[in-house]
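Its first residue numbered 1164, the sequence shown is counted upward by one per residue in the working numbering. By construction, the Cβ of each residue, glycine as well, lies at the ideal position given by its N, Cα and C atoms. Below is one structure; the comments refer to it alone.
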Amino acid sequence: MERSGQNLSQRKRLGLMGGTFDPIHVGHLVVAEEARTRFDLERVIFVPNNQPPHKKAYQVAQAEHRYAMCLLATASNPFFEVSREELERPGPSYTIDTIRAFRARLGSEVELYFITGADAVLEIMTWREPEAILAEAHVVAVHRPGFDLQRLSAAIGPEQGARILTMPMPGLEISSTDLRRRVAAGESIRYLTPEAVVDYIYKTGLYR
Ligand code: NAP
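Right, here's the structure in full:
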């Protein structure tokens, strides 16, 4: 909603890139950069989750490893940051808690863009307080080539579906699942994620 004397173009816009990032890869970085320019975002803050609400903790790499890889991958971009917001919060990482934490810190004037995968957004109505999420932030669903966008309105309902922004993951068939599989199979992950992350994965023995 517009406040008196201030139109939308004057309000600060901030991207919150939500995900498990297990591991972060070039697709995530391209998406964040694309979203930054497309929505005129001042910064994009990567928010790796601590305990994904819908996954068991043992299924994902330790949060500190995923956080470290996000730091390494984003270090060269002055518009990217990585937040420990969800890492410092015990228990499942509910998106509404994160949005409220940023809102409390940044004030009501900042527009928040919560950017994450379309497959995750398909289930947003099962997340904690979905209506509040949609009221507090613009939700951007990032989809890979071939994703049928009608699935979103079918899963979420036409009214809420219309409030979700969508963005293609530009021509990249890269996924964290594929990177984990490649490491386990002894295949190369070079150039699929920044070199520092490749080195980190080999050094720590993650995903073997
Ligand atoms: P996921 O099931 O691991 O990922 C779903 C799909 O989205 C995958 O294809 C994934 O690709 C892609 N994806 C994930 N994050 C992305 C991003 N930032 N940009 C582009 N594609 C992305 O989903 P998740 O990572 O666990 O959850 C996504 C976000 O939703 C997280 O912030 C999570 O905390 C939040 N969430 C909240 C609730 C809740 O509040 N109750 C419930 C579920 C999820 P890659 O595997 O290649 O990343």
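- Closest by C-alpha distance to residue 1214, out of 1205, 1296, 1177 and 1224, is 1224.
- Taking C-alpha positions only, residue 1212 is separated from residue 1222 by approximately 13 Å.
- Residue 1345 places its beta carbon less than 8 Å from that of residue 1352.
- Contact between residue 1245 and residue 1277 is ruled out by a C-beta separation of about 16 Å, above the 8 Å threshold.
- Beta-bridge pairing by DSSP links residue 1192 to no other residue.
- Taking residue 1252 as the centre and dropping the five residues before and after it, the same chain places the C-beta of 1213 and 1260 closer than 7 Å to its C-beta, in chain order.
- Uninterrupted alpha helix (DSSP H) stretches at least 4 residues long and entirely within the stretch 1226–1284 occur at 1226–1237, 1258–1269 and 1281–1284, given in chain order.
- Look at residue 1345 here: in three-state DSSP terms it is helix.
- In the displayed model, residue 1359 falls within a helix according to three-state DSSP.
- Buried is the label assigned to residue 1370, since at least 16 other Cβ atoms lie within 10 Å of its Cβ.
- In the DSSP assignment, residue 1328 falls within the unbroken beta strand (DSSP E) covering 1327–1331.
- Distances between the C-beta of residue 1338 and the heavy atoms of ligand 1 include at least one below 7 Å.
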